[in-house]
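*Asks:*
Numbering (UniProt numbering), first residue to last: 1 to 326.
Below, the structure written as structure tokens:
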């Protein structure tokens, strides 16, 4: 697993850091956030949280939190790979893109006409994958999003809300699997970006709540209800297995030094390959809505207010290292 032992937990009553045993090491913010797993994102040094009850986005560093008002309720957020851009999807289906260093709004575009549920940028920062409440999915090349205002390609097939997606787009784009989507009705679909319908469709045993893509292996971690975590190999769904032991819905799941999960009964740490829980800490306190890893919070971060009007300054540029997808 990863060497970075720090895990940040975003809860209803506070934001805090967990140590390698799952215990609370220290509190980062006394502000709690009612949010869904897909409305929390991080760069290497800050955490971004879109609040579920107000049209606000919070940025959290080591020393302070900063809240900004945004045009409408944000339901999903993610950063570009460099952390320069914040992509945010709204409950009316609009995609907002802010340049973090200047606060400039560089894109405000209608993608769907219902709530956006998840957003993922691929590892090479070439495409953005967006899912919707009605089950639709859009794949857009970033260069086309910014230069030609493209809405990309829409993929349909899910009959229920898509709760999570994994963007696997990677050059030379010859691999069969391009992205994965998971819907509320337990349906897992595997897609190739050149085909408008899924190349395969399978069903989980339990209702999925959130999805995390492994950073070091070809598999997905799917937090489910009734205390289960589905481990889904990307190369063969038939090899899917489940980790069990939690009480209630699994509300957080992240890959750090090991797989770390949380539910009503506290935090559990797993050795996934042996399928064993190697640590369990029950005294976690407030409900956890999201776990994050790989973040080293900076003590001094200068936050810039986010603007709500799209800039017409042509000097605003984005860093995209590719221009096409085959």
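Virtual Cβ for every residue (Gly too), placed ideally from N, Cα, C.
Quick caveat, the model's predicted, so the values are computed rather than measured.
1) Entirely within the stretch 251–281 and at least 3 residues each: give me those beta strand (DSSP E) ranges in chain order.
2) Would the stretch 278–293 count as touching the stretch 79–93 if we require 3 or more Cβ pairs under 8 Å?
3) Taking residue 156 as the reference, which of 162, 121, 116, 197 has the closest Cα?
4) Answer yes or no: do residue 297 and residue 260 have a C-beta to C-beta separation smaller than 7 Å?
5) Beta-carbon separation of residue 77 and residue 39 under 7 Å?
6) Between residue 306 and residue 91, what straight-line distance do the alpha-carbon atoms span, to the nearest angstrom?
7) Assuming contact is defined by CB atoms lying nearer than 7 Å, are residue 118 and residue 152 in contact in what I supplied?
8) Hey, how far is the Cα of residue 106 from the Cα of residue 93?
9) Starting from the Cα of residue 66, find the closest Cα among 37, 28, 18 and give me that residue.
10) Please report how far the alpha carbon of residue 189 lies from the alpha carbon of residue 100, in whole angstroms.
11) Work out the CA separation of residue 235 and residue 249 for me, nearest whole Å.
12) When we look at the beta-carbon of residue 219 and count the other beta-carbons within 10 Å, is it buried (16 or more) or exposed?
13) Just to confirm my understanding: we take residue 309, look at its own chain, exclude 5 residues before and 5 after, and list those with CB closer than 7 Å. What are they?
14) Suppose the cutoff is 7 Å on Cβ atoms and the five residues either side in sequence are ignored; what does the same chain contact list for residue 178 look like?
15) Kindly list the residues whose CB is nearer than 6 Å to the CB of residue 134, restricted to its own chain and excluding five residues on each side of it in sequence; keep chain order.
16) How is the beta strand (DSSP E) around residue 336 delimited, first residue to last?
17) Taking Cβ to Cβ, would you say residue 121 is nearer than 7 Å to residue 128?
18) As an exercise, report each continuous beta strand (DSSP E) stretch of at least 3 residues that is fully enclosed by the UniProt repeat "WD" (74–108), in chain order.
19) Would you give the residue range spanned by the beta strand (DSSP E) that residue 49 belongs to?
20) Hey, would you say residue 366 sits closer than 7 Å to residue 74, going by beta carbons?
21) Give the DSSP-derived three-state secondary structure of residue 59 in the structure shown.
22) Please classify residue 326 as buried or exposed, where buried requires at least 16 other C-beta atoms within 10 Å of its C-beta.
23) Classify residue 60: buried if its beta carbon has 16 or more other beta carbons within 10 angstroms, exposed otherwise.
24) Could you give the C-beta distance for residue 256 and residue 24, rounded to a whole number, given that I count them as a contact under 8 Å?
25) Nearest CA to the CA of residue 34: which residue from 180, 268, 10, 18?
26) Since residue 65 sits in a beta bridge, which residues does DSSP pair it with?
27) Residue 252 and residue 216 - do their beta-carbons sit closer together than 7 Å?
28) To the nearest angstrom, report how far apart residue 79 and residue 43 are at their CA atoms.
29) In whole angstroms, what is the alpha-carbon distance linking residue 237 and residue 230?
30) Does the CB of residue 206 have a neighbour CB from chain D at under 7 Å?
31) By Cβ distance, which residues of its chain are closer than 7 Å to residue 185, with the 5 residues on each side in sequence left out?
32) Where residue 136 and residue 30 are concerned, what is the direct C-alpha to C-alpha distance, given to the nearest angstrom?
33) Apart from the five residues just before and just after residue 367, which ones in its own chain have a Cβ nearer than 8 Å to its Cβ?
34) Using the rule of at least 16 other Cβ atoms within 10 Å of the residue's Cβ for burial, across every protein chain shown, is residue 206 buried or exposed?
35) Measure the Cβ-Cβ separation of residue 131 and residue 162 and say whether it is below 7 Å.
*Replies:* Quick look at the numbers:
1) 252–255, 259–263, 266–271, 276–281
2) no
3) 197
4) no
5) yes
6) 19 Å
7) no
8) 17 Å
9) 28
10) 33 Å
11) 27 Å
12) buried
13) 105
14) 168, 169, 191, 192, 193
15) 114
16) One cannot answer for residue 336 here, as it falls past the ends of the chain, which runs 1 to 326.
17) yes
18) 74–79, 85–90, 94–99
19) 47–50
20) Absent from the structure is residue 366, since the part of the chain shown begins at 1 and ends at 326.
21) strand
22) Caution is warranted here: a pLDDT of 47 is assigned to residue 326, below 50, making its placement in the model unreliable, and the coordinate value is therefore given only provisionally. By the neighbour-count rule (16 or more Cβ atoms within 10 Å), residue 326 is not buried but exposed.
23) buried
24) Wrong, their Cβ atoms sit about 15 Å apart, outside the cutoff.
25) 10
26) 60
27) no
28) 7 Å
29) 11 Å
30) Given the protein chain composition of this structure (a single chain), no chain D is represented.
31) 159, 160
32) 37 Å
33) Since the displayed the chain opens at 1 and closes at 326, residue 367 lies outside it and no answer follows.
34) buried
35) yes
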